[in-house]
Every structure is written in C-alpha cells, then in structure tokens.
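Report on the following structure.
Protein chains: 2
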Amino acid sequence: MLKRVLPYAHQLIQSAIKAGDTVIDATCGNGHDTVILSHATGPDGLVYAFDVQAQAIEQTRNRLAEENITNVRLIHDGHQNVAAYLDDDDKKHLAGAIFNLGYLPGSDKTVITTPANTIVAIDQIAEYLKTGGIIVCVVYYGHSGGELEKNTLIKHLQNYDQKHFQVLQYGFLNQKNNPPFVLAIEKIKNLS
Amino acid sequence: MLKRVLPYAHQLIQSAIKAGDTVIDATCGNGHDTVILSHATGPDGLVYAFDVQAQAIEQTRNRLAEENITNVRLIHDGHQNVAAYLDDDDKKHLAGAIFNLGYLPGSDKTVITTPANTIVAIDQIAEYLKTGGIIVCVVYYGHSGGELEKNTLIKHLQNYDQKHFQVLQYGFLNQKNNPPFVLAIEKIKNLS
Numbered sequence: 000m001l002k003r004v005l006p007y008a009h010q011l012i013q014s015a016i017k018a019g020d021t022v023i024d025a026t027c028g029n030g031h032d033t034v035i036l037s038h039a040t041g042p043d044g045l046v047y048a049f050d051v052q053a054q055a056i057e058q059t060r061n062r063l064a065e066e067n068i069t070n071v072r073l074i075h076d077g078h079q080n081v082a083a084y085l086d087d088d089d090k091k092h093l094a095g096a097i098f099n100l101g102y103l104p105g106s107d108k109t110v111i112t113t114p115a116n117t118i119v120a121i122d123q124i125a126e127y128l129k130t131g132g133i134i135v136c137v138v139y140y141g142h143s144g145g146e147l148e149k150n151t152l153i154k155h156l157q158n159y160d161q162k163h164f165q166v167l168q169y170g171f172l173n174q175k176n177n178p179p180f181v182l183a184i185e186k187i188k189n190l191s
Numbered sequence: 000m001l002k003r004v005l006p007y008a009h010q011l012i013q014s015a016i017k018a019g020d021t022v023i024d025a026t027c028g029n030g031h032d033t034v035i036l037s038h039a040t041g042p043d044g045l046v047y048a049f050d051v052q053a054q055a056i057e058q059t060r061n062r063l064a065e066e067n068i069t070n071v072r073l074i075h076d077g078h079q080n081v082a083a084y085l086d087d088d089d090k091k092h093l094a095g096a097i098f099n100l101g102y103l104p105g106s107d108k109t110v111i112t113t114p115a116n117t118i119v120a121i122d123q124i125a126e127y128l129k130t131g132g133i134i135v136c137v138v139y140y141g142h143s144g145g146e147l148e149k150n151t152l153i154k155h156l157q158n159y160d161q162k163h164f165q166v167l168q169y170g171f172l173n174q175k176n177n178p179p180f181v182l183a184i185e186k187i188k189n190l191s
C-alpha cells in the first residue's frame with residue numbers, strides 16, 4: 000500500500016538516524032515530530048528543536064515533560080539561525096533534520112515559514128550533514144504565499160549538485176485542498 | 000537511503016502482488032520486468048506481457064525460455080487492447096500492472112508509447128484492478144514527445160477520484176538528462 004505523506008516522512012527520517020546522533024526539528028510546532036526524533040536518537044543523542052512561535056515552544060515543552068524526555072534542546076528562534084547553535088561535535092554527528100513548511104497546523108495561518116529563511120536553514124544543515132544523512136521537508140502550501148514558497152524551494156533544490164545530494168519529491172497528485180508533499184535531501188558519498 | 004526509481008517501482012509492484020494473482024507487463028521490452036512479475040505471482044499466477052514491437056516480444060520470449068518460465072502469456076499487441084485479452088477470471092484476480100513509458104531502453108527511440116494509448120490502457124486496467132492493486136508507470140520523457148506524454152498523463156491522473164484511487168508521484172528533482180520517475184495508481188477501498 001502506498002504510504003501516506005506523514006508516515007513516509009517519518010519513515011525516511013527514522014531510517015537515517017541511529018542512537019547517539021544529533022538531529023534537528025526545524026519547526027517543532029506542537030512537538031509531535033520532536034518526540035519521534037527524541038526516541039530515534041535515544042538517550043545518548045541530541046535533538047535541537049526550533050520554532051519562532053512562543054506558543055509552539057511552550058506546547059513542545061509540555062509534551063516533552065509529559066513523556067519525561069530530556070535529550071532535547073528547545074530553541075525559541077527561527078531555523079535560519081541554526082548554525083549559531085550547533086557546536087563542532089554536533090556538526091560531526093548531524094544525521095538529519097525535519098521541516099514542516101507552511102504554518103503550524105491548528106494555529107494562526109498568518110504565521111508562516113518564508114522561503115528565504117527556509118533556504119538558509121536547509122543550505123546550512125545540508126553543509127553540516129554527515130554522509131547518509133537526510134533532510135525531510137513536509138511542504139504545506141494551501142495558505143497565502145504557499146505556492147510561492149513551494150516553487151522557490153523546488154527551484155533552489157533542483158540546483159543541488161547530484162554528485163553530493165539526491166533530492167526526492169514524493170506526493171499525491173489527485174487529492175483536493177493542496178495536501179502536503181515531501182521533499183527529501185540525502186547527502187551521498189562523493190563519487191568523484 | 001532514498002530508493003532509486005527502478006528499485007522503488009519494483010518494490011511497489013511486488014508489494015501489491017501475491018502468489019496466484021494475475022498481473023500485466025504493459026510494455027515488456029527486454030523482458031526484465033516480466034521475469035520479476037513471473038516470480039512474484041508464482042506458478043499458480045499469470046502474467047500478461049504486451050509489446051507492439053516484435054523485437055521486444057522475441058527478446059522476452061528468449062529470456063523466459065532461459066529461465067524456464069511458463070506462467071507468462073506473450074502478446075504482440077499494444078496495451079490499449081488489453082481488455083480484449085483478459086477473461087472474467089483474470090479480471091477478478093488482477094493485482095497490478097507495470098508500464099515503461101517512453102521507449103524500449105537500448106532500442107529505437109522513434110518507437111515510443113503514445114499518451115492516447117497509454118491512457119486507454121491505464122483506465123481499463125484501473126477499472127478491473129482489485130482493491131489494493133497497483134499500476135506502476137516508469138516514465139521516461141527525454142525523447143521527442145516525451146514531455147507531452149508526461150504532462151498529458153499527469154493531467155489525466157489528477158482527475159482520478161480520490162475516493163477510489165491514490166495517485167503518487169515519486170522522482171528526483173536534481174538529476175541531469177531527464178531521468179525517469181514513477182507514477183503509481185493504487186485502488187483503495189471505497190469509503191463512501
């Protein structure tokens with residue numbers, strides 16, 4: 000059976016993470032993905048969870064407390080500033096990142112991610128990512144400006160060098176109301 | 000690791016087939032997929048393998064003979080005529096179909112599949128397909144007319160009713176020379 004978009008996104012990111020890795024939740028939202036990443040990287044690993052919205056940071060903090068999760072650093076800042084928070088050791092063990100692009104589901108649709116910030120963040124993470132690491136973006140584009148963000152991001156990723164990265168698009172073509180789709184960027188071994 | 004297009008296509012079709020099923024190789028080409036389908040459906044199953052090119056039928060016949068495969072019916076005809084070859088029992092057990100759209104790899108690039116024939120074949124197979132069955136298309140579009148076939152097919156499949164079908168697109172965005180991508184159509188349980 001064809002995997003739906005969210006289970007597929009989670010399967011991809013989990014396939015790239017092993018115990019002890021560092022991973023990034025670039026848009027922690029309600030903390031759902033943060034919990035998944037925390038379990039995947041385990042007690043010896045580390046999750047950096049970013050969000051520009053105080054509400055998202057608060058929701059995630061509560062969720063982590065409920066589950067007694069302690070391997071997450073919550074950062075109330077935009078993901079475009081990710082590089083400032085990672086030390087050299089983090090960069091060496093960076094196995095993946097997940098982005099929910101668009102808006103925080105169930106929240107204010109006017110607070111959205113922007114293409115410029117998203118691209119800065121993805122480019123930086125892609126640079127630090129270890130071989131075999133994956134950046135998974137779940138792209139919501141049913142809001143005002145969503146179509147532009149989607150197209151800008153796709154155009155940017157089409158220029159990623161195929162010697163170093165595979166960029167995959169996974170999505171359903173016949174669903175109403177602009178359902179989200181996945182963009183995934185895998186760092187591959189340099190063949191040259 | 001992100002699965003490349005051909006292994007992903009094979010994984011999808013194999014996941015839908017069980018022993019004893021009927022399946023269709025809509026473009027048997029050199030017989031590579033026909034062999035995969037034959038093994039997946041097993042001695043109690045049946046593979047219908049179509050091709051308009053005599054060369055493809057001959058290559059596939061040789062390949063099947065080498066592997067002592069006997070559960071394949073080779074049909075030298077276009078896949079748009081598929082309905083004429085299936086009896087009621089086949090239609091009841093139809094679990095999947097695979098299409099290589101574009102041209103026979105390694106062969107004459109002027110002999111190509113056409114959007115009109117492809118759409119007739121896919122629509123007929125989709126009608127007969129059992130619930131959970133999958134049609135997998137590997138779309139090559141680097142030849143003259145390829146872009147048109149691709150766009151015509153995508154536009155057609157976007158209109159498939161999401162109550163009955165899921166239509167997935169899976170492909171890489173940053174590879175040169177128009178590499179193939181996958182379109183997969185799964186028949187789902189009618190929820191209404």
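For the record, the sequence lines run as chains A and B.
Quick note on numbering: numbering that gives the first Met the number 0 labels position 133 of the first sequence as 132, and the sequence is numbered without any gaps.
Quick note on numbering: numbering that gives the first Met the number 0 labels position 165 of the second sequence as 164, and the sequence is numbered without any gaps.
We put the beta carbon where it would ideally sit given N, CA and C, even for glycine.
If you're wondering where the values come from, they're calculated on a predicted model, not measured in any experiment.
query: For A/K188 and A/T130, the rounded distance between their alpha carbons; result: 6 angstroms
query: Cross-strand partners of A/C136 (DSSP beta bridge); result: A/F98, A/L182
query: Selection from A/Q174, A/N67, A/F180 that minimises the alpha carbon distance to B/G170; result: A/F180
query: Reference B/A18; option with closest CA among B/N70, B/N99, B/D122, B/Q123; result: B/N70
query: Whole-Å CB distance - A/I134 paired with A/A183, under 8 angstroms assumed; result: 7 angstroms
query: Cβ-Cβ distance between B/Q79 and B/A48 below 8 angstroms; result: no
query: Ordered list of alpha helix (DSSP H) runs contained in the segment 4-40 of chain B, each at least 4 residues; result: 4-15, 31-40
query: Min CB distance B/F171 to chain A below 8 angstroms; result: yes
query: Where the beta strand (DSSP E) containing B/G170 begins and where it ends; result: 164-171
query: Nearest-angstrom Cα separation, counted from B/L167 out to A/L1; result: 8 angstroms
query: Three-state secondary structure assigned by DSSP to B/Y47; result: strand
query: Buried versus exposed, by CB contacts within 10 Å (16 or more), A/Q10; result: exposed
query: At least 3 beta-carbon pairs within less than 8 angstroms: the segment 30-47 of chain A vs the segment 140-160 of chain A; result: no
query: Nearest residue (CA-CA) to B/N116, options B/G95, B/T59, B/K162, B/H155; result: B/H155
query: Contact belief for B/N176 with B/G141 at Cβ below 8 angstroms, rounded distance in angstroms; result: 6 angstroms
query: Beta-ladder partner(s) of B/I118, from DSSP; result: None; B/I118 has no bridge partner.
query: Chain-order list of residues whose beta-carbon lies under 8 angstroms from that of B/S191 (same chain, five-residue window excluded); result: Its pLDDT being 46, under 50, B/S191 is placed unreliably in this model, and the value from its coordinates should be taken loosely. If we look at B/S191 and ignore the five residues flanking it on each side, its Cβ neighbours are K162.
query: Within 8 angstroms, strictly: CB atoms of A/F98 and A/T40; result: no
query: Three-way DSSP call (helix, strand, coil) for B/I153 in this model; result: helix
query: Per DSSP, cross-strand counterpart(s) of A/L93; result: A/T21
query: Interfacial residues, the segment 89-101 of chain B to chain A, with Cβ spacing under 8 angstroms; result: none
query: Chain A contacts made by the segment 126-140 of chain B, where a contact means CB separation under 8 angstroms; result: G131, I133
query: Classification of B/K186 by the beta-carbon crowding that lies within 10 angstroms, buried from 16 upward; result: buried
query: Range of the contiguous beta strand (DSSP E) that encloses B/L73; result: 71-74
query: Closest by C-alpha distance to A/G44, when choosing among A/R60, A/A82, A/I68; result: A/I68
query: Any chain A beta carbon closer than 8 angstroms to B/L5; result: no
query: For B/A94 and B/D20, believed in contact at Cβ under 8 angstroms, the rounded distance; result: 4 angstroms
query: Within-8 angstroms CB hit, A/K188 to chain B; result: no
query: Span separating the alpha-carbon of A/I16 from that of A/I124; result: 15 angstroms
query: Cutoff 6 angstroms; reference B/H92; Cβ partners in own chain excluding five residues on either side; result: D20, T21
query: First through last residue of the alpha helix (DSSP H) which encompasses B/N61; result: 53-65
query: Close Cβ partners of A/Y77 (< 6 angstroms) along its chain, the five nearest in sequence each way excluded; result: Note that residue 77 of chain A is Gly in the sequence shown, not Tyr. Result list for A/G77: V51, N116, in chain order.
query: A/N158 versus B/A83 - alpha carbon distance; result: 46 angstroms
query: Local conformation of B/S191 per DSSP, three classes; result: The predicted model places B/S191 with a pLDDT of 46, which falls under 50 and marks its position as unreliable, so this point remains unresolved.
query: Below-8 angstroms beta-carbon distance, B/I118 vs any chain A residue; result: no
query: Neighbourhood of A/T139 by C-beta distance below 6 angstroms, restricted to the same chain and skipping five residues each side; result: Thr is not the amino acid found at residue 139 of chain A; the sequence shown has Tyr there. Within the same chain, A/Y139 has close Cβ partners G101, P179.
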